[in-house]
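Position one of the sequence shown corresponds to residue 672 (this note's numbering), numbered consecutively onward. C-beta atoms are modelled at their ideal positions from N, C-alpha and C, and glycine is treated no differently. In this text the structure is predicted, and so the values were computed from the model without any measurement. What follows is a short report on a single structure.
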Amino acid sequence: MPASSRFLLHASEPEDTDRLADLWVESWQKTMPEIDFTTRRPWFLGHFASLRDQGSACLVARDTLDAAHAEETHAGGYAGFVLVDPATRYLDQLAVAPAYWGRGAAELLMAGAKEISPAGVTLDVNQENGRAVAFYTRLGFVITQQGRNVTSGRLIWRMEWTPGPA
Numbered sequence: 672m673p674a675s676s677r678f679l680l681h682a683s684e685p686e687d688t689d690r691l692a693d694l695w696v697e698s699w700q701k702t703m704p705e706i707d708f709t710t711r712r713p714w715f716l717g718h719f720a721s722l723r724d725q726g727s728a729c730l731v732a733r734d735t736l737d738a739a740h741a742e743e744t745h746a747g748g749y750a751g752f753v754l755v756d757p758a759t760r761y762l763d764q765l766a767v768a769p770a771y772w773g774r775g776a777a778e779l780l781m782a783g784a785k786e787i788s789p790a791g792v793t794l795d796v797n798q799e800n801g802r803a804v805a806f807y808t809r810l811g812f813v814i815t816q817q818g819r820n821v822t823s824g825r826l827i828w829r830m831e832w833t834p835g836p837a
């Protein structure tokens, strides 16, 4: 598993679930303020449980350096998480608490996702989320197709990372 002096990366435990849901709401609310993600929290909890039951792996990044800063977030030191299915190579969720944006948590989580799914990773990203599209592009993902989110109706990019030659 990738290492960082700032964050501890570990497999999620059942007791993490409520904090991860809080983090998911906080992250998406900041990204798309026009949508009420608090009302979508029950959906996320059910979706998260279903994906875990089907074999998806969830890695959690916790803050190890700045306890005072960690308590400023609703997630209480939970910097972020990634949820990826190693069988399908599909990354369903990457969420980072806004207080940790630009601090390396997302990069560490994505390195962990690539270790879970070393043959490649596929994901969908909202086209209007330019920050996320640029982030994934920096990490070597390429756009492979355009689509539409069946729930929100928003345009999405399908992006894929495949490892280079050894």
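Length of the line joining the Cα atoms of Asp756 and Val813: 19 angstroms
Of the residues Tyr807, Arg712 and Gln700, which one's Cα is nearest the Cα of Ala692? Arg712
Does the distance from the CB of Pro769 to the CB of Ser698 come in under 8 angstroms? yes
For Trp832, list the residues DSSP reports as bridge partners. Val792
Alpha-carbon to alpha-carbon, Met703 and Asp689: 21 angstroms
DSSP on Asp678, reduced to helix/strand/coil? The question names Asp, but residue 678 is Phe in the sequence shown. Strand, per DSSP.
By Cβ distance, which residues of its chain are closer than 7 angstroms to Val767, with the 5 residues on each side in sequence left out? Ser698, Ala750, Gly751, Ala776 and Ala777
Under the rule that 16 or more other beta-carbon atoms within 10 Å means buried, what is Ser727, buried or exposed? buried
Kindly indicate the opening and closing residues of the alpha helix (DSSP H) around Val696. Thr688 to Thr702
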